[in-house]
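What follows is one structure encoded as structure tokens, with my remarks underneath.
In the numbering used here, the protein residues as written are 8 to 143.
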């Protein structure tokens with residue numbers, strides 16, 4: 008079923024090619040994930056809420072990754088529950104593996120509007136970046 012969801016999304020995107028670009032703000036996820044000091048959940052929520060007031064349409068708010076590897080994203084469920092969602096904004100999250108996708112799906116409407124799926128063509132890069140084979 009998961010493959011079918013991903014396949015349908017991919018097919019829809021290809022058919023819908025157009026002459027515009029979607030700009031995603033990734034600061035709440037990519038900008039914070041490597042911070043040495045744990046950023047409090049309340050600060051992350053405030054950051055996202057303020058970004059939501061700027062006119063952005065796409066905000067990548069968190070990542071569903073192992074807290075062992077990226078502790079900064081361990082509060083992804085709390086962040087999603089705490090943000091003030093604005094209807095015209097697409098809130099997304101990065102999911103580098105099946106476990107992340109399953110967790111997002113289990114959240115239902117409390118989750119995200121879109122999922123960014125990480126993949127790599129190089130076995131070495133995939134192993135170093137997400138500790139996973141390109142075969143899985």
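Each residue gets a CB set at the ideal place from its N, CA and C atoms; glycine is no exception.
Residue i classed as buried or exposed, judged by whether at least 16 other C-beta atoms fall within 10 angstroms
i	result
residue 131	exposed
residue 95	exposed
residue 74	exposed
residue 59	buried
C-beta atoms of residue i and residue j nearer than 8 Å
i	j	result
residue 71	residue 107	yes
residue 87	residue 123	no
residue 119	residue 112	no
residue 83	residue 69	yes
Opening and closing residue of the beta strand (DSSP E) in which residue i lies
i	result
residue 99	97-102
residue 122	121-124
Nearest-angstrom Cβ-Cβ length linking residue i and residue j, presumed shorter than 8 Å
i	j	result
residue 79	residue 42	6 Å
residue 48	residue 115	In fact, because the Cβ distance is near 21 Å, the residues do not count as touching under 8 Å.
residue 92	residue 67	Not really, about 14 Å apart at Cβ, beyond 8 Å.
residue 85	residue 99	That belief does not hold up - the Cβ atoms of residue 85 and residue 99 are roughly 17 Å apart, past 8 Å.
residue 77	residue 40	5 Å
residue 64	residue 97	6 Å
_For a minimum of 3 consecutive residues, which ranges assigned as the beta strand (DSSP E) are wholly contained in the stretch 60-113?_
65-70, 97-102
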